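The opening position of the sequence shown corresponds to residue 2 in my numbering, with each subsequent residue numbered one higher.
Here is the structure we will look at.
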Amino acid sequence: MPRIALIADIHANLEAFQAVLSDIAEDRVDRILCLGDIVGYGPDPAACVDLAFTACDRIVLGNHDEAVVREEFRFSFNERARASLDFTADALSAEHKHLLATLPDRARVDGVSLAHASFGAKQYEYLYNDEAAERSIRGLRTRIGAVGHTHLPSVVSGRQGLAGVIDDLRHAPLAPNVVTPLARDAVSIVNPGSVGQPRDRNPDASYAVLDTDALSVQLRRVAYDVANTQRKIAKLGLPAMLAERLLVGA
Ligand code: ZN
């Protein structure tokens with residue numbers, strides 16, 4: 002039954018988003034689920050919001066999405082991110098902002114829990130280390146969870162033991178194209194990497210196909226016209242580093 006395309010961190014990169022959706026369209030998937038951060042950093046927020054709300058079956062709220070509709074939330078971002086958030090807020094219509102404002106923090110679809118960053122108490126905690134991964138696993142109420150936020154494709158798995166102890170914690174990067182089995186006796190949190198701003202030194206747009214029956218996940222990478230996105234970023238006067246990092250995937 003469900004084969005699910007997981008996409009995350011589109012970050013207003015229309016070229017990357019369109020390339021990923023074309024790649025998904027060639028496959029037989031039952032759903033497209035989006036783990037948040039449709040906007041922020043990139044040059045095409047309005048088109049990406051429109052496309053996300055058309056193409057995706059469910060979307061959860063990302064920290065950049067939230068910061069666009071809640072200005073007081075922007076203080077926690079670095080200068081480059083803030084500059085792009087101010088641009089994004091200007092570029093979006095009231096209707097776009099309303100769409101973002103109505104996104105839920107979490108969702109559950111086909112038995113898969115969705116959040117932007119973590120299932121732990123801290124909504125936007127990065128799952129960079131074992132402690133953060135454990136907190137997220139403790140908060141997970143289904144066998145499979147999916148998050149974005151770090152822009153690093155990976156799978157975290159572990160068994161929920163007694164008194165909140167997590168046994169057999171594993172945190173592994175996902176390799177492209179390999180069908181990676183998920184643990185049968187543990188819970189797993191899948192991160193499909195970032196569509197619009199990969200940070201694992203591979204500039205190709207990243208997403209994943211999750212098969213909840215076979216209990217497996219396959220990471221996909223899709224080349225897109227990076228130079229075109231870079232030109233748009235430069236033309237808008239957004240920080241140059243936001244364009245440069247797309248070429249190296251960092
Ligand atoms: Zn992000």
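C-beta: ideal position from N, C-alpha, C; glycine also.
What you are looking at is a predicted structure, and each value in this text was computed from that prediction instead of being measured.
| Check | Outcome |
| --- | --- |
| Limits of the unbroken beta strand (DSSP E) element including Gly159 | Ser155 to Gln161 |
| Below-9 angstroms beta-carbon distance, Pro182 vs any chain B residue | Absent from the structure is chain B; it holds one protein chain and no more. |
| Cα-Cα separation between His152 and Asp226, rounded to whole angstroms | 19 angstroms |
| Assumed close pair Leu239, Pro44 - CB separation to whole angstroms, cut-off 8 angstroms | 7 angstroms |
| Neighbourhood of Val30 by C-beta distance below 7 angstroms, restricted to the same chain and skipping five residues each side | Arg4, Ile5, Ala6 and Val210 |
| With 16 other Cβ atoms within 10 Å as the buried cut-off, status of Ala228 | exposed |
| His99 - DSSP class collapsed to helix/strand/coil | helix |
| Ala224, buried or exposed, once every other Cβ within 10 Å from all chains shown has been counted against 16 | exposed |
| Reference Leu141; option with closest CA among Ala108, Asn130 and His172 | Ala108 |
| Beta bridge counterpart(s) of Cys35 as assigned by DSSP | Ile8 and Ile60 |
| Element boundaries [alpha helix (DSSP H), containing Val146] | It should be noted that the sequence gives Gly, not Val, for residue 146. Gly146 -> not in any alpha helix (DSSP H); beta strand (DSSP E) instead, spanning Ile145 to Ala147. |
| Helix, strand or coil at Val69 according to DSSP, with G and I counted as helix | helix |
| Span separating the alpha-carbon of Ala90 from that of Ala102 | 12 angstroms |
| beta-carbon Gln292 near the ligand ZN non-hydrogen atom, thresh 8 angstroms | Outside the shown range of the chain (2 to 251) lies residue 292, about which nothing can therefore be said. |
| Nearest residue (CA-CA) to Thr143, options Ile8, Ser189 and Arg171 | Ser189 |
| Spatial neighbours of Arg232 in its chain, beta-carbon cut-off 6 angstroms, leaving aside the 5 residues before and after | none |
| Residue of Arg160, Leu52, Leu128 and Arg136 minimising C-alpha distance to Pro174 | Leu128 |
| Leu15 - containing alpha helix (DSSP H), residue span | Leu15 to Ala26 |
| For Ala118, the nearest candidate out of Val249, Leu237, Thr230 and Asp10 (CA to CA) | Asp10 |
| Contact test: Asp45 Cβ vs the ligand ZN heavy atom, cutoff 8 angstroms | no |
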